[in-house]
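Chains A and B supply the protein sequences, listed in that same order.
Under the numbering used here, the first residue of the first sequence carries the number 1, and numbering increases by one thereafter.
Under the numbering used here, the first residue of the second sequence carries the number 1001, and numbering increases by one thereafter.
Yeah, the Cβ is synthetic: ideal placement off N, Cα and C, and Gly gets one too.
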Amino acid sequence: MDLWQTIPQLLISGITFGAIYALVGLGFVTIARASQIINFAQGEFVMLGGMTTFFFLRGVHLPYPLAALFAILIVILIGFLLHLLVIYPLRKASLPILLMATLGAALFLSSTSALLFGTLPKALPPFSGSGLFEIGKVSIHAQSLFVMGATFLVLLFLYFLSQRTLLGKAMEASSTDPLGADLSGISRNLMIFLAFGVSAGIGSIAGIFITPIFYVSYHSGTLIGLKGFIAAVLGGWGKHSGAILGGFALGVVESLSVAFIPSGYKDAIAFIVLLLILYIRPKGILGSPFIDSRRW
Amino acid sequence: MVKQFQKEFRKRDLVYSIALWFLSLIIPDPQLHYRREYHFRKRDLFYFLTLLLLPLIWSDAHFHHLMVLSGIHGILALGLTLFLGYAGQISLGHAAFFGIGAYTTAILTTRYGVPSFFAFWASALIASFFAWLIGRPLLKLKGYFLALATLGFGEIFLVLVRESPTLTGGVIGIFDIPFFSLAGFVFDTYLKQYYLIWGVLSGLVLFSKNLIRSKMGRAFLAVAASEDGASVIGIDVARIKLGVFVIGAAFAGLAGSLFASVMSTANPETFSLNLSVLIVMMVILGGMGNLYGPIAGAIFLTFLINGLSRYQEYSLPIYGVILILLLIFFPDGIGTRLRVRLIYLISYLGRKKRREKVEL
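Rendered as structure tokens:
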């Protein structure tokens, strides 16, 4: 059967996709753990990460690691600015307004990057040669391994940040119990500010690691952002482990679906998964600390 | 307070009160739903005459075209304001119902030769049928998750439209949809289409006005205030939410049908997430819990986008910045409490002059 031979290959590419969705989902979760805000501009951080690296590599001719470092710093700066200019003035606004404001910011970021970097899709060179190696009949892109490594490192970083440092505890406290955080002298606005920085950094890392595999163009951020959010909801909203699990599950399901239905429907799969999980188990696979099971 | 005003009457207060009287004619009352019954007021006559005479006074084909578009956006925003502004739910998939309406009309009129008048009603029926179908599982959700789920529905709709070229024409869409015609009268110029669309919009405004004063309309407000509270006083929350979702979808279906028969094309690019965001922006900028506001917001945003299109590639960044600034500085909508704010401003100016005199 031809079909069954393609499945291991699809599985590998699904896991690569899954690592990316997991990284983007971790960005959403970082902000949600600090403030209950959902930042729809998260996908734009991914896009900007790839775009600015490309700019530093090709436009300024910096060495690769330096270009990536500068790109991460710039995207973190954009994340801080997003909080200062959009989220902070709207900190007392109602949900639809905050939602629209982040969507407006996403529109602004993507169209500005089209203006600055051009509308053509861009690809970065892979990190180590053109590494394609084969195990049995399955060929693996070396970049996939880098993506997996990055996901693992980011997860480790977030774990230590939230479990082992006072700062991470303070971030979490400002979301779970705002009044208690205020009473114990935690500046909630500062925590949300820092969370936006961390989330933008994670987004840009995701962008840098995926651009060698897939082209990045100015409007690719929206879909990646939405799928990352779906991954975070699927695994369990507000949990690091949930975002990772949801990301891999979503990537594998999406990739395997190509074997059974026409590939044009691939983008719809993620949303169908979303509707199903929201209908059957809104808490997500691992359960969520933020969603009260009774009222959903 | 009124007594005080009469006691200290000055001649220049006449000027202010004339200004205020004019404002009361034009600016809608944000607390409309507290009125018990509907009277045909002078304000409505003013609106009606303005609508009737505006295209004749400003007879410019481009202006007529923009007003036609604003009218279609107005119908969409009116449907969403029942859902978002009155019942307090959020939907980012409204463009999908607009698309369903447009494609229904397109397919019925081009493939089966159905008269556009019947296709018009069929669009509303089919859009509301789809809303009823997906509304029951979807409306269990709240807040961000409802927004995301409706957004997902919109994206699935787009993918289905693109991937079934035999039915919908795929990415290219459907062309040569006949103009709307009723009993042999064809609406083929922008002026005729203007009267058609604003006529439909006026009818829908009247319908919505009656709806929000009905038992169901009161229930919307109760659901928006507190779902638990609403269910305690005997409101079937799930039914009310589904009902308002279906009504909003029917409005969107009507708008889509009109769009298809006015523009003569139906193309998946038109019904993307951007349109859904635009409609929600119209409702927010017009002011939630207000019927005239979203229509004003629709006109404002349609003209804003048209004005910005002169700047070509700079238009989208400028548009994004303007949206964020409007949200930051007018979170309750531009029109909401405008009268109160203007009264405050005018009275402040009046008081300021007097204060200066006293100090001298």
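(1) Which residues in chain A have a C-beta closer than 8 Å to the C-beta of Arg1010 (chain B)? List them in chain order.
(2) In the DSSP assignment, the alpha helix (DSSP H) including Ser139 (chain A) goes from what residue to what residue?
(3) Near Thr1166 (chain B), which residues of its chain fall below 8 Å by C-beta distance, leaving aside the five closest residues on each side in sequence?
(4) Can you give me the C-alpha to C-alpha distance between Gly1154 (chain B) and Arg1162 (chain B), rounded to a whole angstrom?
(5) With a Cβ-Cβ cutoff of 8 Å, do Ser288 (chain A) and Gly238 (chain A) count as a contact?
(6) Under 7 Å Cβ to Cβ from Arg1036 (chain B), same chain only, skipping five residues before and after it: list those, please.
(7) I need the DSSP call for Lys1215 (chain B), collapsed to helix, strand or coil.
(8) Can the beta-carbon of Ile1235 (chain B) be found less than 8 Å from the beta-carbon of Ala1224 (chain B)?
(9) To test your reading of the DSSP string, which unbroken alpha helix (DSSP H) runs of 4 or more residues are found completely within the stretch 237-265 of chain A?
(10) Across the stretch 71-82 of chain A and the stretch 42-51 of chain A, are there enough close Cβ pairs to call them in contact, namely three or more that are closer than 8 Å?
(11) Going along chain A, which residues have a C-beta under 9 Å from Ile1279 (chain B)?
(12) Relative to chain B, which residues along the stretch 75-96 of chain A have a C-beta separation below 7 Å, given in chain order?
(13) Pull up the distance between the alpha-carbon of Arg91 (chain A) and that of Glu172 (chain A), whole angstroms please.
(14) Tell me where the alpha helix (DSSP H) around Thr112 (chain A) begins and ends.
(15) Using the Cβ count rule (16 or more neighbours within 10 Å means buried), how would you classify Gln163 (chain A)?
(16) Would the stretch 1116-1133 of chain B count as touching the stretch 1081-1100 of chain B if we require 3 or more Cβ pairs under 8 Å?
(17) Compare the beta carbon distance of Phe1175 (chain B) and Thr1265 (chain B) with 8 Å and say whether it is the shorter of the two.
(18) Put Ser1091 (chain B) into one of helix, strand or coil per three-state DSSP.
(19) Would you mind sorting Val1205 (chain B) into buried or exposed? The rule is 16 or more other CB atoms within 10 Å of its CB.
(20) How long is the line joining the alpha carbons of Arg1136 (chain B) and Gly43 (chain A), rounded to whole angstroms?
(21) By alpha-carbon positions, which one of B:Leu1258, B:Val1246 and B:Ser1261 ends up nearest to Gln1089 (chain B)?
(22) Would you call the stretch 261-274 of chain A and the stretch 180-189 of chain A in contact, with 3 or more CB pairs under 8 Å?
(23) Taking only beta carbons into account, state which residues of the stretch 1160-1180 of chain B come closer than 9 Å to chain A, listed in chain order.
(24) Flag Leu99 (chain A) as yes when its Cβ comes closer than 7 Å to any non-hydrogen atom of the ligand HEM, and as no otherwise.
(25) Which residues, taken in chain order from the stretch 1295-1311 of chain B, show a beta carbon closer than 7 Å to some beta carbon of chain A?
(26) For the stretch 1309-1330 of chain B, enumerate the residues whose C-beta is nearer than 8 Å to any C-beta of chain A, in chain order.
(27) Considering Cα atoms alone, identify which of B:Leu1138, B:Phe1063 and B:Tyr1344 is closest to Gly1307 (chain B).
(28) Compute the Euclidean distance between the alpha carbons of Leu234 (chain A) and Ser1091 (chain B), then round it to the nearest angstrom.
(29) Within 10 angstroms of its Cβ, does Asp1332 (chain B) collect 16 or more other Cβ (buried), or is it exposed?
(30) How about Phe1083 (chain B) and Val1244 (chain B): do their beta carbons lie closer than 8 Å?
Straight from the coordinates:
(1) The sequence position of residue 1010 (chain B) within the second sequence is 10, counting from 1. Under the 8 Å cutoff, chain A gives no residues; its nearest Cβ is about 39 Å from Arg1010 (chain B).
(2) Translated into the one-based positions of the first sequence, residue 139 (chain A) becomes position 139. Per DSSP, Ser139 (chain A) belongs to no alpha helix (DSSP H); it is in the beta strand (DSSP E), Val138 to His141.
(3) Translated into positions along the second sequence, residue 1166 (chain B) becomes position 166. Hits under 8 Å: none found.
(4) For the purposes of this step, residue 1154 (chain B) is taken as the residue at position 154 of the second sequence. For the purposes of this step, residue 1162 (chain B) is taken as the residue at position 162 of the second sequence. Straight-line Cα distance between these residues: approximately 12 Å.
(5) Position 288 of the first sequence, counting from 1, holds the residue named residue 288 (chain A). Position 238 of the first sequence, counting from 1, holds the residue named residue 238 (chain A). Yes.
(6) Translated into positions along the second sequence, residue 1036 (chain B) becomes position 36. Since pLDDT at Arg1036 (chain B) reaches only 49, below the 50 mark, its modelled position is unreliable, and the value read off the structure follows with that caveat. Nothing meets the Cβ criterion.
(7) Residue numbering aside, residue 1215 (chain B) sits at position 215 when the second sequence is read from its first letter. Three-state result, Lys1215 (chain B): helix.
(8) The residue you call residue 1235 (chain B) lines up with position 235 of the second sequence. The residue you call residue 1224 (chain B) lines up with position 224 of the second sequence. No, Cβ-Cβ distance for Ile1235 (chain B) and Ala1224 (chain B) is not below 8 Å.
(9) Those alpha helix (DSSP H) runs which fall completely within the stretch 237-265 of chain A and span 4+ residues are 240-260.
(10) yes
(11) The count along the second sequence starts at 1 and reaches residue 1279 (chain B) at position 279. In chain order: nothing, as chain A lies at least about 11 Å away.
(12) Val86, Pro89, Leu90, Ala93, Leu95 and Pro96
(13) For the purposes of this step, residue 91 (chain A) is identified with residue 91 of the first sequence, where counting begins at 1. For the purposes of this step, residue 172 (chain A) is identified with residue 172 of the first sequence, where counting begins at 1. Spanning the two alpha carbons is a distance of roughly 17 Å.
(14) The count along the first sequence starts at 1 and reaches residue 112 (chain A) at position 112. Element bounds for Thr112 (chain A): Leu95 to Phe117.
(15) Counting from one through the first sequence, the residue named residue 163 (chain A) turns up at place 163. By the Cβ neighbour-count rule, Gln163 (chain A) is exposed, with fewer than 16 other Cβ atoms within 10 Å of its own.
(16) yes
(17) As a working note, residue 1175 (chain B) is residue 175 in the second sequence. As a working note, residue 1265 (chain B) is residue 265 in the second sequence. Yes, Cβ-Cβ distance for Phe1175 (chain B) and Thr1265 (chain B) is below 8 Å.
(18) Here residue 1091 (chain B) refers to the residue found at position 91 when the second sequence is read from its first residue. It is coil, neither helix nor strand.
(19) If you number the second sequence from 1, residue 1205 (chain B) lands on position 205. So Val1205 (chain B) ends up on the buried side.
(20) Looking up residue 1136 (chain B) in the second sequence gives position 136. Looking up residue 43 (chain A) in the first sequence gives position 43. Rounded to the nearest angstrom, the two C-alpha atoms are 30 Å apart.
(21) As a working note, residue 1089 (chain B) is residue 89 in the second sequence. Minimum Cα distance to Gln1089 (chain B) is reached at B:Val1246.
(22) Per the Cβ contact rule, the stretch 261-274 of chain A is not in contact with the stretch 180-189 of chain A (fewer than 3 Cβ pairs under 8 Å).
(23) Leu1160, Arg1162 and Glu1163
(24) For the ligand HEM, the structure offers nothing, since it holds no ligand at all.
(25) In summary, no residue of the stretch 1295-1311 of chain B has a CB separated from any CB of chain A by less than 7 Å.
(26) Within the stretch 1309-1330 of chain B, contact with chain A at the beta-carbon level (separation under 8 Å) is assigned to Glu1313, Tyr1314, Leu1316, Pro1317, Tyr1319, Gly1320, Val1321, Leu1323, Ile1324, Leu1327 and Ile1328.
(27) Locating residue 1307 (chain B) in the second sequence gives position 307, counting from the first residue. Distances from the CA of Gly1307 (chain B) to each of B:Leu1138, B:Phe1063 and B:Tyr1344 were compared; the closest alpha carbon is that of B:Phe1063.
(28) As a first step, residue 234 (chain A) is located in the first sequence; it is residue number 234 there, counting from the start. As a first step, residue 1091 (chain B) is located in the second sequence; it is residue number 91 there, counting from the start. If you take the alpha carbons of Leu234 (chain A) and Ser1091 (chain B), they lie about 20 Å apart.
(29) Counting from one through the second sequence, the residue named residue 1332 (chain B) turns up at place 332. With 16 or more Cβ atoms within 10 Å of its Cβ, Asp1332 (chain B) is classed as buried.
(30) Reading the second sequence from its first residue, position 83 is the one you call residue 1083 (chain B). Reading the second sequence from its first residue, position 244 is the one you call residue 1244 (chain B). A contact, by the Cβ cut-off of 8 Å.
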